[in-house]
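Asks: Handing you this structure, nothing more for now.
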Amino acid sequence: MRAMKTRALPLLLALAFAGTAHAQQFSSLQERMSAAAFKKAGLDKLNAEELHFLNAWLRNHVGIAGAGPASISAPVVVGPANRFGYRTPIDQPRVTVESTLPGRFSGWDSHTQFSLANGQTWQVSESSSWGCQTTQDPKVTIKPMLL
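In the UniProt record's numbering, the protein residues as written are 1 to 147.
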């Protein structure tokens with residue numbers, strides 16, 4: 001039963017955020033949700049004290065629309081310029097990264113982090129090390145592999 005309550009909390013929070021955009025006063029979950037949605041979320045299994053606590057928490061943490069700064073910001077459009085780090089769909093080609101590693105370079109140890117000239121930071125994911133003759137500002141090419 002506790003797992004059901006834990007799974008229902010994100011849904012409740014999403015509903016609370018959506019509801020405060022148009023509300024001028026706080027509404028309890030019973031008022032915001034249909035009886036069917038209330039039951040489907042498992043909220044009908046909460047006792048009166050638990051339901052009161054949840055409503056009070058939402059009232060204190062979500063607030064009332066217009067009572068302060070907006071709690072919901074404008075959506076961010078993700079385009080090619082700011083998609084770095086997102087998973088690439090399998091049907092799209094993976095991009096090779098080319099940059100330089102500013103400063104002196106003589107190898108790496110396990111979990112070393114590299115800050116490239118293009119602003120990206122990469123970390124060695126294996127517990128391995130590799131050494132070479134010290135070079136200055138070496139060119140770096142990162143080729144995507146299977147994972």
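C-beta atoms are modelled at their ideal positions from N, C-alpha and C, and glycine is treated no differently.
A quick note: this is a predicted structure, and the numbers were derived from the prediction, not measured.
Can you give me the C-alpha to C-alpha distance between residue 102 and residue 32, rounded to a whole angstrom?
Replies: Rounded to the nearest angstrom, the two C-alpha atoms are 56 Å apart.
Asks: Whole-angstrom Cβ separation of residue 95 and residue 116, contact assumed at under 8 Å?
Replies: That pair is no contact at about 14 Å.
Asks: Using only the alpha-carbon positions, how far apart do residue 125 and residue 42 sit?
Replies: Straight-line Cα distance between these residues: approximately 41 Å.
Asks: Buried or exposed for residue 55, please, with buried defined as at least 16 other CB atoms from any protein chain shown within 10 angstroms of its CB.
Replies: Classification for residue 55: buried.
Asks: Residue 104 to residue 120, Cα distance in whole Å?
Replies: For residue 104 and residue 120, the distance between alpha carbons rounds to 17 Å.
Asks: Note down the Cα distance separating residue 113 from residue 107, rounded to an integer number of angstroms.
Replies: Approximately 11 Å between the Cα atoms of the pair.
Asks: Give the straight-line distance between the Cα atoms of residue 135 and residue 99, rounded to the nearest whole angstrom.
Replies: Spanning the two alpha carbons is a distance of roughly 15 Å.
Asks: Let me know the secondary structure DSSP gives residue 120 once reduced to three states.
Replies: Coil.
Asks: In the structure shown, what three-state DSSP assignment does residue 94 receive?
Replies: Reduced to three states, the DSSP call for residue 94 is coil.
Asks: If you run the structure through DSSP and keep just helix, strand and coil, what is residue 143?
Replies: Of the three classes helix, strand and coil, the one that applies to residue 143 here is coil, per DSSP.
Asks: Using alpha carbons as the reference points, say which of 142, 123, 109 lies closest to residue 131.
Replies: Closest option to residue 131, Cα to Cα, is 109.
Asks: Tell me which residues share the same chain as residue 30 and place their Cβ nearer than 7 Å to its Cβ, disregarding the 5 neighbours each side in the sequence.
Replies: Cβ neighbours of residue 30 beyond the five flanking positions: 38.
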